[in-house]
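Engineer:
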Amino acid sequence: MIIGRFAPSPTGILHLGNLRTALASWLSAKSKGGRWVIRMEDVDGPRCQREFGEQQLRDLAELGLESDEPVIWQSDRSGAYREALTNLHELNRLYPCHCTRKDLQMLASAPHEEDGLRPYPNRCRHRPWEGLEAALRLHLPEGGVDWLDSALGRQSDDPAALTGDPLLFRRDGLYAYHLAVVVDDGAQGIMEIVRGMDLRSITATQIRLQEALSLPRPAYHHLGLVTAPDGSRLGKRAGAPGLEALHQRGIGTEEIIGWLGWSLGCMEKPEPSTAENLVTRFRWDHSPADFFRIPNTWA
Ligand code: GLU
101 MIIGRFAPSP TGILHLGNLR TALASWLSAK SKGGRWVIRM EDVDGPRCQR EFGEQQLRDL
161 AELGLESDEP VIWQSDRSGA YREALTNLHE LNRLYPCHCT RKDLQMLASA PHEEDGLRPY
221 PNRCRHRPWE GLEAALRLHL PEGGVDWLDS ALGRQSDDPA ALTGDPLLFR RDGLYAYHLA
281 VVVDDGAQGI MEIVRGMDLR SITATQIRLQ EALSLPRPAY HHLGLVTAPD GSRLGKRAGA
341 PGLEALHQRG IGTEEIIGWL GWSLGCMEKP EPSTAENLVT RFRWDHSPAD FFRIPNTWA
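Sequential numbering from 101 applies to the sequence shown in the numbering used here.
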């Protein structure tokens, strides 16, 4: 049985783009008779707030999207992340890194094409082991990773060239997003990952980490993003309404679900609907991979 998930970070309210991802992941799992879980990615302590997470869960429930298992909060999971680091160390895949942000800027080579990031030049690779308290990086093997994305088709990236060895642990005790995602997807038996296109470029690095931890590779679907009416990226200021803001404009829950369902190819034109009513109409090959603009009157 398929297990899918939605894994928001509780750093604010869920906007229409996040809600579309949530619905798509739910529909994809439910249309195959599968289970669906919510995981709160609050590993980045200072930026995350419990209240935002609770509000996100209420908003998802309003759309009819409820986790089939108790919601996991990553802030409760440091034991599992530490264990994964111990495993990786035993496999000789970790090394301590002493580079500061400033060092990295000075050392940086060609800018990363997609988002202006610069690859880490793997400068500390040969440092001797100092224990699990140091900042730790994963030693990536050379070469490309191929994977099949059901929304985008065959994909290929070389994470070693694109980002360099990823940081998995910071000296101040913070576990990296890559580590938490991969460990939890593995522990929860997640078989399919549906998320926004903005996370496509990190997939190869996460696959490398799955391989290092001998975890199975889930299926991936990267969805086209929802944009502001003018086509710009959704941000706090650039018209990224959540449910409450939409309700204040007089737009009801079923109207919102209908619009999201239509944007995922479940119907010919947007009509009010429940999530349940969309299950039998959802198919990945009908779901457009393009960007979707929020209607003018909703922004
Ligand atoms: N927590 C991540 C975010 O909200 C998503 C992680 C994922 O879906 O893999 O951006």
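Beta carbons: idealized from backbone N, C-alpha and C, even for Gly.
#1: Sorted by chain position, which residues of the same chain lie with C-beta nearer than 8 Å to Phe152's C-beta, five sequence neighbours on each side aside?
#2: Give me the Cα-Cα distance between Asp258 and Asp265, rounded to the nearest whole angstrom.
#3: Alpha carbon to alpha carbon, how far is Glu233 from Val379? Give it in angstroms, no decimals.
#4: Can you tell me whether Pro403 is buried or exposed? The criterion is at least 16 other CB atoms within 10 Å of its CB, across all chains shown.
#5: Is Val137 a contact residue of the ligand GLU, with contact defined as CB to any heavy atom under 7 Å?
#6: Our contact map puts His322 next to Leu299 with C-beta atoms below 8 Å; I'd like the distance itself, whole angstroms only.
#7: Within the present structure, is the beta-carbon of Ala107 separated from the nearest heavy atom of the ligand GLU by less than 7 Å?
#8: For the ligand GTP, is there any heavy atom lying closer than 7 Å to the beta carbon of Leu325?
#9: Using a 10 Å radius around the Cβ and a threshold of 16 neighbouring Cβ atoms, would you call Pro341 buried or exposed?
#10: Measure how close the beta-carbons of Leu163 and Ala375 come, nearest whole angstrom, since I'm counting them as under 8 Å.
#11: Go ahead and pull the three-state DSSP assignment for Phe382.
#12: Looking at C-beta atoms only, is the number of pairs between the segment 239-247 and the segment 115-130 that lie closer than 8 Å three or more?
#13: At a cut-off of 7 Å, would you count Val281 as near the ligand GLU, judging by its Cβ distance to the nearest heavy atom?
#14: For Ser387, I'd like the list of residues in its chain whose CB is within less than 6 Å of its CB, leaving aside the five on either flank, ordered along the chain.
#15: Our contact map puts Val137 next to Gln174 with C-beta atoms below 8 Å; I'd like the distance itself, whole angstroms only.
Structural biologist: On the basis of the coordinates in this document:
#1: Pro110, Thr111, Gly112 and Ile113
#2: 11 Å
#3: 47 Å
#4: A query on residue 403 cannot be resolved here, the shown segment of the chain reaching from 101 to 399 and no further.
#5: no
#6: 7 Å
#7: yes
#8: The ligand GTP is absent from the structure shown, which contains only the ligand GLU.
#9: buried
#10: 6 Å
#11: coil
#12: no
#13: yes
#14: Leu364 and Gly365
#15: 13 Å between Cβ atoms; not a contact.
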